[in-house]
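Colleague: Residue numbers (the working numbering): 19 to 453. Got a structure for you, questions after.
Structure, rendered in structure tokens:
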């Protein structure tokens with residue numbers, strides 16, 4: 019998310035049908051735009067499909083009226099240039115194809131069919147909320163989906179999905195647990211759709227763990243141009259406790275900033291109301307644009323999957339950006355999408371390296387991931403291993419293996435770590451009411 023960006027998201031993973039089909043799908047491209055101009059072949063990488071070339075694909079929505087993540091495919095291309103300048107992966111060139119799913123199920127399906135046609139080894143570090151559209155093609159071809167953004171139920175149930183974060187469920191559970199002690203009434207403003215239906219149980223699991231009552235569930239359109247009425251209602255619903263400040267949690271993806279414009283005005287006569295959010299809905303760019311230290315986010319807690327962007331553990335990713343994408347304003351090191359793509363490619367690289375001199379195919383990559391390979395990411399996540407079902411299989415998150423989040427806070431207009439280390443939310447989510 020750089021500049022006046024539109025690449026924040028609240029699409030959420032869904033757990034149970036209908037809630038599973040809603041909770042992991044919570045959270046969000048003309049197809050394969052790069053293919054239209056050369057199939058996403060990265061300058062400086064090997065073309066064709068020779069034995070020394072590994073071909074993968076990264077997709078994300080771009081140029082839409084909803085959530086956009088142009089930084090993810092842009093970073094994937096920069097990563098390929100960087101790794102190829104260093105001799106490739108285990109001596110093999112990396113070729114990255116990109117595709118635009120337009121936040122559209124038909125386009126997402128086309129992206130997956132192109133991936134199959136081009137015989138990619140894996141789809142890596144991508145963003146799409148339409149797993150029901152793209153996973154069937156990948157599953158039929160045996161192509162692993164490594165490091166999706168965690169937007170849909172399929173990403174946490176498909177045996178060919180290898181998620182690197184816990185999606186929206188972990189973020190909301192962690193946020194609810196942190197807010198329980200300090201908030202009066204908690205209002206969740208979320209999309210009025212199936213994906214949004216999955217959000218309240220996750221937040222409420224955290225509130226319950228902290229001894230707090232369930233949140234007020236307030237639905238809103240996710241494509242509105244203003245939220246005056248919704249903001250007024252949220253402030254009124256959260257201002258009922260005279261002893262504690264009420265808390266409003268906007269979870270409207272790219273429309274979160276639009277809601278906050280209305281919220282700022284609605285809160286003028288209600289100083290006893292504050293806000294909180296999850297990373298992906300709010301980032302440093304949005305905090306800056308909304309007024310920084312004098313804006314509505316000052317003092318707000320925000321949960322994320324990874325360490326804060328100023329953490330030195332991101333230095334490797336930042337080096338790739340500075341050396342191969344300097345000046346590319348699509349790529350923001352503080353964007354959770356770009357960070358997820360970096361981690362996903364780290365997983366892919368280490369998986370290929372584990373094969374030694376053996377063949378690198380979708381089958382060999384998948385078998386390595388399925389048979390005990392444990393991948394470390396330099397402390398950006400806990401060690402990742404997908405050999406067995408994750409600890410949250412009982413609530414429909416069988417592929418979720420990273421059940422830890424970080425807690426950040428806005429201080430003096432800057433998003434910084436609020437606590438050291440990670441917060442494990444497995445126990446919290448196990449009590450989520452997803453029936």
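Glycine included, every Cβ here is placed at the ideal spot set by N, Cα and C.
Could you give the distance in angstroms between the alpha-carbon of residue 81 and the alpha-carbon of residue 404?
Modeller: About 34 Å.
Colleague: Only counting the same chain, and skipping five residues up and downstream in sequence, which positions put a Cβ closer than 6 Å to that of residue 384?
Modeller: Here the set comprises 162.
Colleague: Return the CA-CA distance between residue 420 and residue 187, expressed in angstroms with no decimal places.
Modeller: Looking at the two C-alpha atoms, the distance is approximately 11 Å.
Colleague: Could you check where the alpha helix (DSSP H) with residue 100 kicks off and where it finishes?
Modeller: Element bounds for residue 100: 89-103.
Colleague: Could you tell me if residue 269 is buried or exposed, where buried requires 16 or more neighbouring beta carbons within 10 angstroms of its beta carbon?
Modeller: Buried.
Colleague: Span of the alpha helix (DSSP H) holding residue 274?
Modeller: Looking at the DSSP string, the run of the alpha helix (DSSP H) that includes residue 274 is 274-284.
Colleague: Determine, using beta carbons only, whether residue 366 and residue 138 come nearer to each other than 9 Å.
Modeller: No, Cβ-Cβ distance for residue 366 and residue 138 is not below 9 Å.
Colleague: With distances taken Cα to Cα, identify the nearest neighbour of residue 312 among 329, 379 and 430.
Modeller: Answer by Cα proximity: 430.
Colleague: DSSP three-state call for residue 360: helix, strand or coil?
Modeller: The answer is helix: DSSP assigns residue 360 an H, G or I state.
Colleague: Can you name the start and end residues of the alpha helix (DSSP H) that residue 159 belongs to?
Modeller: Looking at the DSSP string, the run of the alpha helix (DSSP H) that includes residue 159 is 149-159.
Colleague: Kindly indicate the opening and closing residues of the beta strand (DSSP E) around residue 118.
Modeller: Looking at the DSSP string, the run of the beta strand (DSSP E) that includes residue 118 is 111-118.
Colleague: What span of residues does the beta strand (DSSP E) with residue 76 cover, start to end?
Modeller: It spans 71-78 - the beta strand (DSSP E) in which residue 76 sits, taken as one unbroken run.
Colleague: Decide yes or no for the touch test of the region 280-292 against the region 252-259: beta carbon pairs closer than 8 Å, at least 3 of them.
Modeller: At 8 Å Cβ cutoff, the stretches touch.
Colleague: Return no unless some Cβ of chain B is closer than 9 Å to the Cβ of residue 221.
Modeller: The structure shown contains no chain B, having only a single protein chain.
Colleague: How about residue 245 and residue 277: do their beta carbons lie closer than 9 Å?
Modeller: In this structure, residue 277 lies closer than 9 Å to residue 245 by Cβ.
Colleague: Excluding the five sequence neighbours on either side, which residues of its own chain have a C-beta within less than 7 Å of the C-beta of residue 368, listed in chain order?
Modeller: Here the set comprises 393.
Colleague: Look at the alpha carbon of residue 263 and the alpha carbon of residue 284, and state the distance between them as a whole number of angstroms.
Modeller: Going from the Cα of residue 263 to the Cα of residue 284 covers about 15 Å.
Colleague: Once the 5 residues before and after residue 427 are set aside, which same chain residues still bring their CB inside 6 Å of it?
Modeller: Closer than 6 Å at Cβ, skipping near neighbours: 319 and 436.
Colleague: Looking at the unbroken beta strand (DSSP E) that takes in residue 238, where does it start and where does it end?
Modeller: Element bounds for residue 238: 234-238.
Colleague: Counting Cβ pairs, one atom from each stretch, are 3 or more of them under 8 Å apart for the region 224-238 and the region 323-340?
Modeller: The answer is no - the region 323-340 does not touch the region 224-238, with fewer than three Cβ pairs under 8 Å.
Colleague: By Cβ distance, which residues of its chain are closer than 7 Å to residue 40, with the 5 residues on each side in sequence left out?
Modeller: Only weak support is given to the placement of residue 40: the predicted model assigns it a pLDDT of 43, under 50, and the value that follows is read from those uncertain coordinates. Cβ neighbours of residue 40 beyond the five flanking positions: 32, 212, 213, 215 and 216.
Colleague: Per DSSP, which one or two residues make a beta bridge with residue 479?
Modeller: Here the chain comprises residues numbered 19 to 453, so residue 479 is not present and cannot be evaluated.
Colleague: Give me the Cα-Cα distance between residue 362 and residue 261, rounded to the nearest whole angstrom.
Modeller: Each residue's alpha carbon lies about 45 Å from the other.
Colleague: Could you tell me the distance, in whole angstroms, from the CA atom of residue 56 to the CA atom of residue 114?
Modeller: Residue placement at residue 56 is flagged as unreliable, the pLDDT there being 31, under the threshold of 50; the coordinate-derived value follows with that caveat. Distance between the alpha carbons of residue 56 and residue 114: 11 Å.
Colleague: Report the residue from 324, 207 and 92 whose alpha carbon sits nearest the alpha carbon of residue 184.
Modeller: With distances taken between Cα atoms, residue 184 lies closest to 324.
Colleague: Are at least three pairs of beta-carbons, each pair with one atom in the region 438-447 and one in the region 198-210, less than 8 Å apart?
Modeller: Contact between the region 438-447 and the region 198-210 is absent, because fewer than three Cβ pairs lie under 8 Å.
Colleague: Residue 181 and residue 166 - do their beta-carbons sit closer together than 9 Å?
Modeller: In contact: residue 166 and residue 181 (Cβ atoms closer than 9 Å).
Colleague: Check for me: the beta strand (DSSP E) holding residue 435 runs from which residue to which?
Modeller: 432-435 is the extent of the beta strand (DSSP E) around residue 435.
Colleague: Starting from the N-terminal side, write out each stretch of the beta strand (DSSP E) that is 3 residues or longer and does not extend beyond the region 298-335.
Modeller: List check, beta strand (DSSP E) in window: 319-322.
Colleague: How about residue 205 and residue 117: are their beta carbons less than 9 Å apart?
Modeller: Not in contact: residue 205 and residue 117 (Cβ atoms no closer than 9 Å).
Colleague: For a quick check, are the C-beta atoms of residue 326 and residue 424 less than 9 Å apart?
Modeller: Their beta carbons are under 9 Å apart, which means residue 326 touches residue 424 by this criterion.
Colleague: Using a Cβ-Cβ cutoff of less than 6 Å, which residues in the same chain neighbour residue 335 once the five nearest sequence positions on both sides are dropped?
Modeller: Closer than 6 Å at Cβ, skipping near neighbours: 360.
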